[in-house]
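Novice: Below is the structure I would like to discuss, written out as structure tokens.
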Amino acid sequence: MLRRESDDPELANHIMHGEDDPKLGPQERAMVAYARKLTREPWAMTAADLDSLRAVGLTEEQVLDVVLIACLFNFMTRLADGLGVEVEEAKARFVARWLEQRPDPAWQFLQVAAPPAE
Numbered sequence: 000m001l002r003r004e005s006d007d008p009e010l011a012n013h014i015m016h017g018e019d020d021p022k023l024g025p026q027e028r029a030m031v032a033y034a035r036k037l038t039r040e041p042w043a044m045t046a047a048d049l050d051s052l053r054a055v056g057l058t059e060e061q062v063l064d065v066v067l068i069a070c071l072f073n074f075m076t077r078l079a080d081g082l083g084v085e086v087e088e089a090k091a092r093f094v095a096r097w098l099e100q101r102p103d104p105a106w107q108f109l110q111v112a113a114p115p116a117e
């Protein structure tokens, strides 16, 4: 979805490489590492994981944005998988609207755009 919706076609590749990609800054690498761990090992999350976001300068509101966005994407993926449906367009619209409402989204580098209205 990110590859399709972003203005930067290489962005998805950089995010997929996450904390190992030198083209992402320290904040972006920390956010990707956090989201990856929350997605793959939610039982292993500790206060130190949250502290890693604060250590790169994220505010409490931005930390909350990171957590909410990761949870939202995980929820939508599991919902679609569980129902056997495609929700890419609806998901993109929902996420784009949610990000637009945030005064200072932590993941502003994603620049997720909603698909054109039908």
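Numbering of the sequence shown is given in numbering that gives the first Met the number 0, commencing with residue 0 and proceeding in unit increments. From the three backbone atoms N, C-alpha and C, an ideal C-beta is built for every residue, glycine too.
1. Classify residue 117: buried if its beta carbon has 16 or more other beta carbons within 10 angstroms, exposed otherwise.
2. Verify whether the separation of the beta carbon atoms of residue 34 and residue 79 is less than 9 Å.
3. So, is residue 115 buried or exposed, given that buried needs 16 or more other C-beta atoms within 10 angstroms?
4. Compute the Euclidean distance between the alpha carbons of residue 30 and residue 82, then round it to the nearest angstrom.
5. So with Cβ pairs under 9 Å, would you call residue 34 a contact of chain D?
6. Exposed or buried, residue 64, counting other C-beta atoms within 10 Å across all chains shown (16 or more means buried)?
7. Would you kindly report the start and end of the unbroken alpha helix (DSSP H) that includes residue 76?
Specialist: Well, looking at it:
1. Working through the sequence shown from its first residue, we reach residue 117 at position 118. Note that residue 117 scores a pLDDT of 48, beneath 50, so its modelled location is shaky; the value from the coordinates is reported in the next line. Exposed, by the Cβ-count rule.
2. Along the sequence shown, read from residue 1 onward, the residue named residue 34 stands at position 35. Along the sequence shown, read from residue 1 onward, the residue named residue 79 stands at position 80. No, these two residues do not count as a Cβ contact at 9 Å.
3. Here residue 115 refers to the residue found at position 116 of the sequence shown. Note on residue 115: pLDDT 46, under 50, position unreliable in the model; no value is reported.
4. Reading the sequence shown from its first residue, position 31 is the one you call residue 30. Reading the sequence shown from its first residue, position 83 is the one you call residue 82. Taking the straight line joining both Cα atoms gives about 29 Å.
5. Going by chain labels, chain D is absent from the structure shown, which holds only one protein chain.
6. Within the sequence shown, numbered from 1, the residue matching residue 64 stands at position 65. Its Cβ being crowded by 16 or more others within 10 Å, residue 64 is buried.
7. Residue numbering aside, residue 76 sits at position 77 when the sequence shown is read from its first letter. Note, residue 76: alpha helix (DSSP H), 59-82.
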